[in-house]
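Chains as they are written, first to last, in the numbering used here: chain A, 22 to 354; chain B, 22 to 354. Backbone N, C-alpha and C fix where the C-beta goes; we use that ideal spot for every residue, glycine too. In this text, all values refer to a predicted model and were calculated from it rather than measured experimentally. I have placed the structure first, in the form of structure tokens, so that the comments after it can refer back to it.
Number of protein chains: 2
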Amino acid sequence: MTIRLPVEALARLVAQALERAGMAPAQAGPVAAGLAACERDGVRGHGLLRLPALVNSLRIGWADGQAVAAVIDERPAALTVDARRGFVQPVIAAQRERLMRMARATGAALLLTRNSHHFSALWPDIEPFAEQGFVALACVNSKKRMAAWGGGRPVTGTNAMGFAAPRPNVPPLVWDQSSSIVSQGDVLLAAQRGHAVPPGVGCDADGQPTTDPKAILEGGALLPFGGPKGASLAVMVEVLAAALTGASFAFEDASPAGTATTSLGGHFLLLVDPAAGFGARMEALCAALADAGNDRLPGDRRHAARRDSLAHGVPLDPTSHATLLQLAGDALP
Amino acid sequence: MTIRLPVEALARLVAQALERAGMAPAQAGPVAAGLAACERDGVRGHGLLRLPALVNSLRIGWADGQAVAAVIDERPAALTVDARRGFVQPVIAAQRERLMRMARATGAALLLTRNSHHFSALWPDIEPFAEQGFVALACVNSKKRMAAWGGGRPVTGTNAMGFAAPRPNVPPLVWDQSSSIVSQGDVLLAAQRGHAVPPGVGCDADGQPTTDPKAILEGGALLPFGGPKGASLAVMVEVLAAALTGASFAFEDASPAGTATTSLGGHFLLLVDPAAGFGARMEALCAALADAGNDRLPGDRRHAARRDSLAHGVPLDPTSHATLLQLAGDALP
Chain A
22 MTIRLPVEAL ARLVAQALER AGMAPAQAGP VAAGLAACER DGVRGHGLLR LPALVNSLRI
82 GWADGQAVAA VIDERPAALT VDARRGFVQP VIAAQRERLM RMARATGAAL LLTRNSHHFS
142 ALWPDIEPFA EQGFVALACV NSKKRMAAWG GGRPVTGTNA MGFAAPRPNV PPLVWDQSSS
202 IVSQGDVLLA AQRGHAVPPG VGCDADGQPT TDPKAILEGG ALLPFGGPKG ASLAVMVEVL
262 AAALTGASFA FEDASPAGTA TTSLGGHFLL LVDPAAGFGA RMEALCAALA DAGNDRLPGD
322 RRHAARRDSL AHGVPLDPTS HATLLQLAGD ALP
Chain B
22 MTIRLPVEAL ARLVAQALER AGMAPAQAGP VAAGLAACER DGVRGHGLLR LPALVNSLRI
82 GWADGQAVAA VIDERPAALT VDARRGFVQP VIAAQRERLM RMARATGAAL LLTRNSHHFS
142 ALWPDIEPFA EQGFVALACV NSKKRMAAWG GGRPVTGTNA MGFAAPRPNV PPLVWDQSSS
202 IVSQGDVLLA AQRGHAVPPG VGCDADGQPT TDPKAILEGG ALLPFGGPKG ASLAVMVEVL
262 AAALTGASFA FEDASPAGTA TTSLGGHFLL LVDPAAGFGA RMEALCAALA DAGNDRLPGD
322 RRHAARRDSL AHGVPLDPTS HATLLQLAGD ALP
């Protein structure tokens, strides 16, 4: 039977689980809020499903839950922050007001974060800025899992990009997508179930196309969406999120083998402060998209799930709920 | 027999053809330099092939060759410019030094251009900034030709994105790609030759998949690379290059029918000033890409063609050369 929890209660339980694994409350709050937002919006793959790996990363010391991030460079339109092996969400939360002031003052603001863990969706990082009137673009690199333009050997992460633009009176236009055709999680699931993956999504250790998920996971590679064009984006993400910030590249991943851990890398965030008239132009664009048959915009499904969650509580299946209570150290009711 | 012209002589002839069609020298210089750079680098589809439509757009008054662009908003990290129906390349040339000063002072600089024509590759707009040490991201919207997430009806342009990052001692890492799987030009060529196009690149007026180029051109639509993920990028380009700049969207295209014309829209350019140590990180990334089997990086083929052109002159086939001389008003030798 589905259990329904208010989103605040869910976020508190997640934070409690993270604090129990060694995370300081100042870090646990923003990380838990992101996971709870994913569950609230029905994005299960980036919600509680990720909690055990988060907890594991803290327990084994791969992520530092006590890290205090340091601003290492301050310029009128760009902040560089060292997360010191903590998570990026607390960095964004701490710099949020300052970044918006910078963007209002100069027209644009960059947050360049290095040595940061990220293990959820990108849209929770950017949607709040669009709700405040800013256009936001973010990207994050992850562990080495995907081939680039040639050769079939993994070199980049499944590097995600996210984009958010404000709309008057309705939720922002937001999308968030990885550079790979399918996620590593989908391949893991297929391997566990003994299923094949669709043709074209990965290659084996010899760079040859394969539908065998184990061959992709064991020395093979995921492939970028759209072939070389997706590879270009993934490499751009390595430059923006790692080379510019001073973070590790995907191919420098040093996470412990044989255990589920979060990705340590870098995060790039750009805010642009739009001029007057932008809102009306966004509505013209969204109306034209609807006229051309795009009845649903990215984010519409999330917002429908959100309305339901806010009205009736976030629906959790009993297994997720039990795992959450166990990690949080609470007894089952 | 191939004719070889020094790149400066080629650029002068292109400028002469543009001036003869009514373009002021201050606009013709940067536009001609871009076309000549494409020919120099072997990017024929964006070189002299584009000249007749450029000349036509000027002659019929679709583009204003006498336009004097106006800076309409100036902020420490963002300039907004109205090109007044002229081309974007002269705007970039005029603001180039100022943008680099802004990026050095604040960390980042945006150039948001509206009411601007663009009809060549994006890489000539960004590569020069990377040669001066800046990371550059640009995008441009174009005429309505491509479907977005659903519906199969055209709504966005084949909106291109380009990215350039500096490398020490070698040419920058640069890519430039449209959001469609194939270009409109490829479909036109297939229609002229009576060939089919590959499956998956377009749909007909009913939104159904087709390999008939005429069905794509007559009421159908091109399709984005990578499906919905490419559509997300194309819509982002409409937001960045049109909504943010105040330019026309692709679906507002009002170009005269039945004649080859340039695209009137907007252009987004971001410069980021990297911190010390960036160059060494770029070399680590490029070395890892090579190790993973990416023997050729985007731009390598262009740079090989460039070396040949600079050593022996830009190779032109006799037909292109004759058309150029005719448009420039020069007699054939």
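Quiz item: Where do the N-terminal and C-terminal ends of the alpha helix (DSSP H) with B:HIS139 fall, by residue?
Solution: Element bounds for B:HIS139: not the alpha helix (DSSP H) but the beta strand (DSSP E), 129 to 139.
Quiz prompt | Minimum C-alpha distance to B:HIS288 - residue among B:LEU31, B:PRO277, B:ASP329 and B:VAL109 | solution = B:VAL109
Quiz item: Are the beta-carbon atoms of B:MET182 and B:VAL89 separated by less than 8 Å?
Solution: no
Quiz item: When Cβ atoms are compared, which residues of the stretch 85 to 99 of chain A fall closer than 7 Å to chain B?
Solution: ASP94, ARG96, PRO97, ALA98 and ALA99
Quiz prompt | Residue ranges of each alpha helix (DSSP H) within the stretch 216 to 281 of chain B, 4 or longer | solution = 234 to 238 and 249 to 259
Quiz prompt | Rounded distance between the beta-carbons of A:GLY247 and B:GLY206, thought under 8 Å | solution = Not confirmed; about 19 Å, so no contact.
Quiz item: Expressed to the nearest angstrom, what Euclidean distance is found between the alpha-carbon atoms of B:GLU95 and B:THR101?
Solution: 7 Å
Quiz item: How about A:VAL418: is its C-beta nearer than 8 Å to some C-beta of chain B?
Solution: Here chain A has residues from 22 to 354 only, and residue 418 of chain A is not among them.
Quiz prompt | Residue-chain proximity (B:PRO230, chain D), Cβ-Cβ < 8 Å | solution = Any reference to chain D falls outside this structure, whose protein chains are A and B.
Quiz item: Based on Cα-Cα distance, which residue from A:GLY43, A:LEU120 and A:LEU69 lies nearest to A:GLY35?
Solution: Going by the sequence as given, residue 35 of chain A is Val instead of Gly. It is A:LEU69.
Quiz item: Taking the alpha carbon of B:ALA281 as the point to measure from, which residue in B:LEU72, B:ALA49, B:ASP62 and B:MET22 has its own alpha carbon closest?
Solution: B:LEU72
Quiz item: Whose C-alpha, out of A:ASP227, A:ALA226 and A:ALA157, is nearest the C-alpha of A:TRP196?
Solution: A:ALA157
Quiz item: Using a beta-carbon distance below 8 Å, is A:ALA169 in contact with chain B?
Solution: yes
Quiz item: Under the three-state reduction of DSSP, which class applies to A:ALA98: helix, strand or coil?
Solution: coil
Practice problem: Out of A:ALA296, A:ALA309, A:LEU346 and A:GLY55, point me to the one whose CA is closest to B:ILE93's CA. | Solution: A:ALA296
Practice problem: Give the interface partners of B:LYS250 over in chain A, defined as CB-CB distance under 8 Å, in chain order. | Solution: GLN198, PHE246, GLY247 and GLY251
Quiz prompt | Alpha carbon of B:ARG105 to alpha carbon of A:LEU345, nearest angstrom | solution = 59 Å
Quiz item: Distance, Cα to Cα, B:GLY286 vs B:TRP83?
Solution: 12 Å
Exercise. Determine, using beta carbons only, whether A:PRO319 comes closer than 8 Å to chain B.
Key: yes
Quiz prompt | Beta-carbon spacing of A:GLY172, A:GLY240 below 8 Å | solution = no
Self-check item: For B:GLY55, the three-state DSSP class (helix, strand or coil)
Solution: helix
Self-check item: Contact with chain B by A:VAL112, beta-carbon distance below 8 Å
Solution: no
Self-check item: With 16 other Cβ atoms within 10 Å as the buried cut-off, status of A:HIS139
Solution: buried
Practice problem: Closer than 7 Å by C-beta to A:SER163: which residues in its own chain qualify, once you throw out the five before and the five after it? Chain order, please. | Solution: GLY178, THR179, ASN180, ALA271, SER284 and GLY286
Quiz prompt | Range covered by the alpha helix (DSSP H) that runs through A:MET303 | solution = 299 to 312
Quiz item: A:GLU259 versus chain B: which residues are under 8 Å apart at the beta carbon?
Solution: LEU306
Quiz item: Would a check of beta-carbon distances place B:VAL156 closer than 8 Å to chain A?
Solution: yes
Quiz item: Just the Cα atoms here: how many angstroms apart are B:ALA242 and A:GLY223?
Solution: 29 Å
Quiz item: Straight-line CA distance for B:PRO336 to B:ALA325?
Solution: 13 Å
Quiz item: What are the partner residues of A:LEU337, as DSSP defines its beta bridges?
Solution: A:ILE24
Quiz item: So B:TRP144 is in the alpha helix (DSSP H); what residue range does that whole segment cover?
Solution: 144 to 152
Self-check item: Expected contact under 8 Å - CB spacing of A:TRP170 and A:PRO230 to nearest Å
Solution: Wrong, their Cβ atoms sit about 16 Å apart, outside the cutoff.
Quiz item: Buried or exposed: which applies to A:ASP312, given that a residue is buried once 16 or more other Cβ atoms fall within 10 Å of its Cβ?
Solution: exposed
Quiz item: Which of the residues in the stretch 211 to 223 of chain A, read from start to end, lie with their CB under 8 Å from any CB of chain B?
Solution: none
Practice problem: Have a look at B:MET44 and B:ASN136 and give me their C-alpha separation to the nearest angstrom. | Solution: 16 Å
Quiz item: Where DSSP assigns a beta bridge to B:GLN198, which residues make up the other side?
Solution: B:MET182
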